[in-house]
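Notes follow once the structure below has been shown.
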């Protein structure tokens, strides 16, 4: 094609995508040229450059500039003749820069056919001003039908700036997008890319906040994804270095260990033995399987390819210095020493004389013993000081690291998303250790420092989302804040798999970072049948009628559950199965809501389980005539009852009876709970850490990072006494279905966002799992920009309650309840899906069905072939009738045992003498120990309207069982005492008699039905 033909095609693209009133970008790259010409990208680029060169002179853009000025003088007739010249300037920005250059000029000269020198082409400066000025003038006039001008120059790049303003996606940006694609393993989505950019490249994300720019970015993502899947990464990866060794001193085995740095974050690495994993910054270390013998590993070493171009070498050293490390179980190799301490040192035989001499010369006591592997010896509990440089060098610690000095100025705490990026409102504190420093500058504004309080709370400055600089005489500190990262909820990959025994019995596995067909993740069960509630909406004037299979018609007045009234919640929807109960006599065929001008019905499938208990009824044969004559016009929710006409005919043939006048009983007054606040709390550390975890890139954090974030949030919100309760916070969030814990890697991950139906609760749902900032905002916004979300928001009502403890402090995150219109279920499901939320059924009952009885050791534990540790204790009842741990030397007797491992404990149960030892959870072992000595009436139940279950505080329920109970209300259990001096209980609400019996059976208990539970809840 010649240049006029290219000009016509480029303008046709503008005509197709341009919109009046929207910003117009003249974005051109080789992929667009390929699209316009139907040629391969390189061929299209070559043809365009050849056509351009054929028309240019010494000043390559002069012809275009002259044509632009003539076109303007004559009133902008016809199509713009300068689009191809502008495109050539933009191509210099979107093409890959030439190596060793810092501007676009080298690439521009190459495209024009000149030598690739980093100097501007002849006449470039003046001609660019002419071309882009005329282009903007046309868009202000006749061209306004295609969009609003966006071409501007730049203070630094006065000549290049015009083209740079149009090249929204530069080559460096493509590399960032490629990095994102690689981090996701090619499974990408546009909203996820935006969240990734907000966290990792906020400057780039800010360029793409308007719809025209988003369209370009979406196209580039599609292009880069297709290229990556076909060709792989275009940028060579970095080479690796030396890894560390981990020694399991109980099993006597070695593994490779890799400390994670930022360069590996987001990449998929091979950990050996067929295990692959995506690395994120919350991974402290990664364990690598070494496919060689211990002898080869120690003497010769082993090279392992982690990913493309990254190879790590493990072992092959004459001396290994090993220390305890909280990130791993066992002894971890170190290569530097910064403080006085002890280590175990493994030395090769040929180095023994040298090591012995060095230790003896410097007076270092050493206890030498032969290792299990021939040719190696141990020096156990060797005390080493960083000042013993000769000893350090002898042990291979040649790179001595000085003892850490306290920094005079540092950032501490905050809700850190990544590196130096924080959530707005979660800015870190500035800690000053220099007594002479009296003020600092934040973004150029002076901030005084009080001598008695050498800490500046940056969150109290209410900084805007941006890059910030703290200026001090000792140097500058920089950090970035963002309002949010995600427009919709996203979960971590941590979940609990559900495995099946040969007989089909479910077994809950340990938490893993993977997805399996059957899995529990927060309040969401996948691959498992979860019953949906049967819900109808009732107006104040509607009559609710039951029609039995025998043709009996009765009116029922459904009440609101006691626990809902105690929260001051009165939903207009009705849980049908909770309303009809089991005392209605003959099976109910359908439930009918009669309004003045309409009849709505829902069929009750045969055999559908219902709640136990009575329900207030009164016969209504007087409405039979209306029902029979209008049955053809009924509005059915779900599938109509196939026999409804026959049932009504049967009712007509029955001898009609006069309705017995029944006076409805007046509902008992219910006091509103004082330990639950109406609405969100402004200063709630539970909400802060849940939001923080939900906004992180992978939805995960290490236990250490969680503890630090929790401590900061408690101190920031005015609850310093709660700062050390991070374990309690983890347990609470886990029970509520917001997080899952991976005990193997010591990480915590946010669960999938799910709207979970609450059993027998008037059709109310509770939100579990991830809660990014925008999700909570969009749930309560009826005019969302997404029409699917806006339509769905019209069909739900949001209620928020915040639990408090006995001292009025937050006891958990805000509970977000949704009351949904059942007639708009399809619209609601579609809107929630756009928000990243799954609508699910009654998880509480389905989860309870998966849990085995604690006496089924084959289902609740895993067998151990040997004692896990030599340091052990057993649980025994003392003469004072309390249970305590007693240290023992053998574990042959039946009972509950605790074993001390490196930085953690393990628990096991031996049912009888000679029986196999079974590893169990701590909570399971405690309940087994009580049942074994006959303490089987530890659960208190109240089966009346209150529907309560209480368990002793010193006997925590197994985690999944506790979650099944908590998901009946969406609130953590209360803690109360029946009388002063009595032991406290945890009280779970909305637990009917059938559920209480099931829970007791799982725990080898018999529920004690007593009024004491009512007093506990008062």
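Numbering (our numbering), first residue to last: 1 to 1018.
Even glycine gets a Cβ: it sits at the ideal position worked out from N, Cα and C.
Nothing here was measured: the structure is a model prediction, and the numbers come from that model.
If we count the other Cβ atoms within 10 Å of its Cβ and call it buried at 16 or more, is residue i buried or exposed?
| i | result |
| --- | --- |
| residue 330 | buried |
| residue 295 | exposed |
| residue 101 | With a pLDDT of only 47 at residue 101, under 50, the local geometry of the prediction cannot be trusted, and no value is derived from it. |
| residue 866 | exposed |
| residue 726 | buried |
| residue 428 | buried |
| residue 317 | buried |
| residue 18 | buried |
| residue 462 | exposed |
| residue 988 | buried |
| residue 131 | buried |
| residue 743 | exposed |
| residue 402 | Because residue 402 sits at a pLDDT of 41, beneath the cut-off of 50, its placement in the model cannot be relied upon, and the point is left open. |
| residue 304 | buried |
| residue 445 | exposed |
| residue 1001 | exposed |
| residue 355 | buried |
| residue 138 | buried |
| residue 225 | buried |
| residue 243 | buried |
| residue 405 | With a pLDDT of only 45 at residue 405, under the threshold of 50, the placement of this residue in the model should not be trusted; the figure read from the coordinates follows. Result: exposed. |
| residue 230 | exposed |
| residue 6 | buried |
Name the DSSP beta bridge partners of residue i, please?
| i | result |
| --- | --- |
| residue 520 | 496, 525 |
| residue 872 | 888, 899 |
| residue 590 | 547, 603 |
| residue 818 | 765, 798 |
| residue 749 | 700, 740 |
| residue 117 | For residue 117, which the question treats as bridged, DSSP gives no partner whatsoever. |
| residue 647 | Residue 647 pairs with nothing; no bridge assigned. |
| residue 323 | 332 |
Below 8 Å on the Cβ atoms is my guess for residue i versus residue j; work out the distance and round it to an integer in Å.
| i | j | result |
| --- | --- | --- |
| residue 319 | residue 395 | 5 Å |
| residue 167 | residue 27 | 7 Å |
| residue 819 | residue 571 | 5 Å |
| residue 457 | residue 493 | Not a contact, Cβ separation roughly 35 Å. |
| residue 918 | residue 909 | 5 Å |
| residue 334 | residue 288 | Between residue 288 and residue 334 the Cβ distance is about 17 Å, and since that is not below 8 Å, they are no contact. |
| residue 111 | residue 91 | 6 Å |
| residue 69 | residue 147 | The pair is not a contact, with the Cβ atoms about 23 Å apart (cut-off 8 Å). |
State the start and end residues of the unbroken alpha helix (DSSP H) segment that holds residue i.
| i | result |
| --- | --- |
| residue 625 | 624-630 |
| residue 200 | 190-200 |
| residue 222 | 211-231 |
| residue 734 | 726-735 |
| residue 1040 | What the structure shows of the chain is the stretch from 1 to 1018, and residue 1040 is not part of that stretch, so it cannot be assessed. |
| residue 686 | 685-695 |
| residue 137 | 124-140 |
| residue 85 | 83-94 |
| residue 65 | 62-73 |
| residue 927 | 922-932 |
Since residue i is in the beta strand (DSSP E), which residue starts that stretch and which ends it?
| i | result |
| --- | --- |
| residue 253 | 253-259 |
| residue 355 | Premise fails: residue 355 lies in the alpha helix (DSSP H), 352-361, not in any beta strand (DSSP E). |
| residue 544 | 543-548 |
| residue 457 | 455-457 |
| residue 313 | 310-314 |
| residue 987 | 985-989 |
| residue 840 | 838-840 |
| residue 854 | Taken as a continuous stretch (DSSP letters only), residue 854 belongs to no beta strand (DSSP E), as it is neither H nor E. |
Say whether the region 768-779 touches the region 721-735, bearing in mind that this needs 3 or more beta-carbon pairs closer than 8 Å, one atom from each stretch. no
Touching by the beta-carbon criterion (3+ pairs, under 8 Å), the region 678-696 and the region 708-727: yes
Check whether the region 838-852 touches the region 874-886, counting contact only when three or more Cβ pairs, one atom from each stretch, lie closer than 8 Å. no
Could you check whether the region 374-383 touches the region 342-358, counting it as contact only if at least three pairs of C-beta atoms, one from each stretch, sit closer than 8 Å? yes
I want to know whether the region 216-230 touches the region 172-189 - three or more CB-CB distances under 8 Å. yes
At least three beta-carbon pairs within less than 8 Å, the region 615-630 to the region 547-562: yes
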